[in-house]
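Some notes on the structure that comes next.
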Amino acid sequence: MTGLATDGGLYVPEYLPQFSEDLITSWSSLTYEELAFKVMYPFVEDNIDEISFQKILDKSYAKFRDTSIAPLKQFDEKNWILELFHGPTLAFKDFALQFLGNLLDHIVGSKNEKLVVLGATSGDTGSAAIEGCKDCRNIDVFILHPHNRVSDVQRRQMTTINKSNIHNIAISGNFDDCQAIVKKSFSEQEFLRGERRLIAVNSINFARILAQIVYYFWSYLRINCPKEGIIFSVPTGNFGDVFAGYIALGMGLPIKKLIVATNSNDILHRCINNNDHSPREVNASLAPSMDIMISSNFERLLFDAFERDSSKIRELMEKVTTSSIQLSERSILSIRDNFWSYRCDDREIVSTIKSFYKKNNYLLDPHTAIGVSASMAYEDDVGTPIVTLSTAHPAKFPDVSKYTNLLTPELPEHLKSILLDEEYYSIVDNCQNRVESFISKKLFA
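Under numbering that gives the first Met the number 0, think of the first position of the sequence shown as 0, with each following residue one higher.
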């Protein structure tokens, strides 16, 4: 549950549950909640009883506005969109963070301990984490976001929550700066005085990945288990969502290819396509949740690509933020076996939103537009269905409409008040000591 190991590495399962195609097909009539239990429970069965875990799942999906939880929309013979924005904060992060909040509540209730949830957000993680944990009595939540680098709606979803256990911190830097502070905090926890346990809320926490595996199985079942398999196009920033698909593949789901769809901050595309993993300056884009250069969960994939050689991964990760790393021919080919990548700049985002709306009368958010562009560009495996993951409601990015000349999408009724509500957040310098001091004062003042 902590997310980061004490040596700074990430946790991965020692082995994965294995499901045959016949078994997966037999789940076709299950509800989303029932399927989630089948997929997720083998990971936790040694720690949580069945009844308690089912209650956690039922509570986690109770706030979703669509009865199917994750509806699929078909747009032509082989292209589908999986709508992952029907949760309380209108983003796919709700799938993971409603679950994580309820899981933490279960743990706190059984052990009577106090936890500190710490996370960095490029837009959607923060609001979903706050929504998932705001009513947990023994959990304090600290969310770091890059100052002036998230959309107004994304920021207000976080900062208009006025609860004594919720603390929003705007960092004078970019998302990678926020993420670096969070990571370092896990390795040096003296600022917590030994009185709190630190829990990661970013997708470095495998519990989040676990919850996201389910909708890959759900998609396959909802389009009637195609014999030719299935392809997923995934808007990708921190690599957690597409890594969940990779885990689903490892569990037996017949995925032909996982498309890594990136914006102009394209280190993943350059790595997969050209074996060029060199860090560059992060550029602000129309898809702010993907304005990331160092994708934390890519480390998990590299661990498999280098045949689980932890010493090699440590060597690579020690220089990943400051210099280029080169993958061996064997490791890059193993990645390309399962992944294909595509880069989409702001101009293409706008043109895709406009053309897709004209053709289908359906409005894409900028991140989903990147996924759709990638799916249209993919030319292999002709005839195999492609599901693009729609990661956020277009109303979260109203500023995009001035580029597309389309109507500004309206926020759902339950979120309209945030545009007028008072905001609560603190601006803190991009400095490890100042952030840790801020957290300590809030906890122990």
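Here a beta-carbon is modelled for each residue, glycine too, at the ideal position from N, C-alpha and C.
Residue interval of the beta strand (DSSP E) (run including SER340): Here residue 340 corresponds to residue number 341 of the sequence shown, with the count starting at 1. Per DSSP, SER340 belongs to the beta strand (DSSP E) from 338-342.
Segment contact, 8 angstroms Cβ cut-off, at least three pairs: the region 126-134 with the region 90-107: Because the criterion of three Cβ pairs below 8 angstroms is met, the region 126-134 and the region 90-107 touch.
Closest residue to PRO234 among PRO287, GLU422, PRO408, ASN432 (Cα-Cα distance): Stepping through the sequence shown from its first residue, residue 234 is reached at position 235. With distances taken between Cα atoms, PRO234 lies closest to PRO287.
Cutoff 7 angstroms; reference GLU298; Cβ partners in own chain excluding five residues on either side: Sequence index remark: in the sequence shown, residue 298 carries index 299 (1-based). LEU9, ILE312, MET316.
Cβ neighbours of LYS162 in the same chain (closer than 6 angstroms, five flanking residues each side left out): Within the sequence shown, the letter at position 163 stands for residue 162. Excluding positions up to five away in sequence, the list reads LYS133.
Helix, strand or coil at HIS146 according to DSSP, with G and I counted as helix: What you label residue 146 is simply residue 147 of the sequence shown in a count that begins at 1. Of the three classes helix, strand and coil, the one that applies to HIS146 here is coil, per DSSP.
Own chain, CB closer than 6 angstroms to LYS256, minus 5 neighbours either side, in chain order: Taking the first residue of the sequence shown as position 1, residue 256 is located at position 257. Hits under 6 angstroms: ILE230, TRP339.
At least three beta-carbon pairs within less than 8 angstroms, the region 261-269 to the region 337-351: Judged by pairs of C-beta atoms under 8 angstroms, the region 261-269 touches the region 337-351, as three or more such pairs exist.
Proximity below 8 angstroms, CB of ALA69 to CB of LEU56: Counted from its first residue, the sequence shown places residue 69 at position 70. Counted from its first residue, the sequence shown places residue 56 at position 57. By the CB criterion at 8 angstroms, ALA69 and LEU56 fall outside the cutoff.
Per-residue DSSP class, three states only, for ALA466: The displayed coordinates of the chain run from 0 to 444. Any statement about residue 466 would go beyond what the structure contains.
Cβ neighbour criterion (16 or more within 10 Å) applied to LEU406: Working through the sequence shown from its first residue, we reach residue 406 at position 407. Exposed, because fewer than 16 other Cβ atoms sit within 10 Å of the Cβ of LEU406.
Through-space distance from TYR361 to ALA169, alpha-carbon basis: Locating residue 169 in the sequence shown gives position 170, counting from the first residue. Locating residue 361 in the sequence shown gives position 362, counting from the first residue. About 34 angstroms.
Own chain, CB closer than 7 angstroms to ALA35, minus 5 neighbours either side, in chain order: Within the sequence shown, residue 35 is the residue found at index 36, counting from 1. Only residues of its own chain outside the window of five on either side were considered, and among them LEU56, VAL213 have a CB closer than 7 angstroms to the CB of ALA35, listed in chain order.
ASN201 beta carbon less than 8 angstroms from that of ALA90: Translated into positions along the sequence shown, residue 90 becomes position 91. Translated into positions along the sequence shown, residue 201 becomes position 202. With contacts defined by Cβ atoms closer than 8 angstroms, ALA90 and ASN201 do not form a contacting pair.
Residues bridged to GLN73 (per DSSP): Indexing the sequence shown from 1 puts residue 73 at position 74. Beta-bridge annotation (DSSP): GLN73 is paired with TRP79.
4-residue-minimum alpha helix (DSSP H) runs that sit fully inside the region 150-177, ordered along the chain: Runs of the alpha helix (DSSP H) inside the region 150-177: 151-158.
Three-state secondary structure (DSSP) of PHE141: As a first step, residue 141 is located in the sequence shown; it is residue number 142 there, counting from the start. Reduced to three states, the DSSP call for PHE141 is strand.
Buried versus exposed, by CB contacts within 10 Å (16 or more), LEU419: The residue given as residue 419 occupies position 420 in the sequence shown. It counts as exposed.
As assigned by DSSP and simplified to three states, the class of VAL232: Taking the first residue of the sequence shown as position 1, residue 232 is located at position 233. For clarity, residue 232 is Ser in the given sequence; the question names Val instead. Reduced to three states, the DSSP call for SER232 is strand.
Delimiting residues of the beta strand (DSSP E) encompassing ILE198: The residue labelled residue 198 in the question sits at position 199 within the sequence shown. In this chain, the beta strand (DSSP E) harbouring ILE198 covers 196-199.
Candidates SER27, PHE205, ASN78, of which the one nearest ASN359 by Cα: Counted from its first residue, the sequence shown places residue 359 at position 360. Relative to ASN359, the option among SER27, PHE205, ASN78 whose CA is nearest is ASN78.
Extent of the continuous beta strand (DSSP E) run through ALA90: Here residue 90 corresponds to residue number 91 of the sequence shown, with the count starting at 1. Following the DSSP letters along the chain, one finds ALA90 in no beta strand (DSSP E), marked with neither H nor E.
CB of TYR40 within 8 angstroms of CB of SER67, strictly: The residue labelled residue 40 in the question sits at position 41 within the sequence shown. The residue labelled residue 67 in the question sits at position 68 within the sequence shown. In this structure, SER67 does not lie closer than 8 angstroms to TYR40 by Cβ.
Cα-Cα separation between GLN73 and ILE417, rounded to whole angstroms: The residue labelled residue 73 in the question sits at position 74 within the sequence shown. The residue labelled residue 417 in the question sits at position 418 within the sequence shown. Taking the straight line from one Cα to the other gives about 32 angstroms.
Close-in-space but distant-in-sequence residues of the same chain around PHE238 (CB under 6 angstroms, 5 per side omitted): Here residue 238 refers to the residue found at position 239 when the sequence shown is read from its first residue. Leaving aside the five residues that flank PHE238 on each side, the residues in its chain whose CB is nearer than 6 angstroms to its CB run, in chain order, SER294, ASN296, PHE297.
Proximity below 8 angstroms, CB of HIS85 to CB of SER51: Residue 85 sits at position 86 when you count from the first residue of the sequence shown. Residue 51 sits at position 52 when you count from the first residue of the sequence shown. Not closer than 8 angstroms, so no.
Residue from LYS401, GLU130, LEU363, THR24 whose Cα sits closest to the Cα of ALA61: The residue you call residue 61 lines up with position 62 of the sequence shown. Checked all of LYS401, GLU130, LEU363, THR24; the closest Cα to ALA61 is GLU130.
Whole-number beta carbon distance between PHE141 and VAL107, since they are thought to touch under 8 angstroms: The sequence position of residue 107 within the sequence shown is 108, counting from 1. The sequence position of residue 141 within the sequence shown is 142, counting from 1. Taking a contact as a CB-CB distance under 8 angstroms, the pair VAL107 and PHE141 does not count as one, their CB atoms being some 17 angstroms apart.
Outcome for TYR446 when other beta-carbon atoms lying within 10 angstroms are tallied against a minimum of 16: Outside the displayed range of the chain (0 to 444) lies residue 446, so it cannot be described from this structure.
Residue closest to TRP217, alpha-carbon to alpha-carbon, out of VAL11, THR24, LYS353, LEU442: Sequence index remark: in the sequence shown, residue 217 carries index 218 (1-based). Taking only the C-alpha atoms, the option nearest TRP217 is THR24.
Short Cβ contact (8 angstroms threshold) for SER171 with ASN432: For the purposes of this step, residue 171 is taken as the residue at position 172 of the sequence shown. For the purposes of this step, residue 432 is taken as the residue at position 433 of the sequence shown. Their beta carbons are not under 8 angstroms apart, which means SER171 does not touch ASN432 by this criterion.
Buried or exposed by the 16-neighbour rule on C-beta atoms within 10 Å, applied to PHE18: By one-based count along the sequence shown, residue 18 stands at place 19. With 16 or more other Cβ atoms within 10 Å, it is buried.
Three-state secondary structure (DSSP) of ILE222: One-based indexing of the sequence shown puts residue 222 at position 223. It is coil, neither helix nor strand.
Any 3 or more C-beta pairs closer than 8 angstroms across the region 138-156 and the region 393-400: Cβ pair count under 8 angstroms is three or more, so yes.
Per-residue burial, PHE205 [other beta carbons within 10 Å of its own, 16 or more giving buried]: Mapped onto the sequence shown, residue 205 falls at position 206. Buried, because 16 or more other Cβ atoms sit within 10 Å of the Cβ of PHE205.
Beta bridge counterpart(s) of ALA4 as assigned by DSSP: Residue 4 sits at position 5 when you count from the first residue of the sequence shown. ALA4 is not bridged to any residue.
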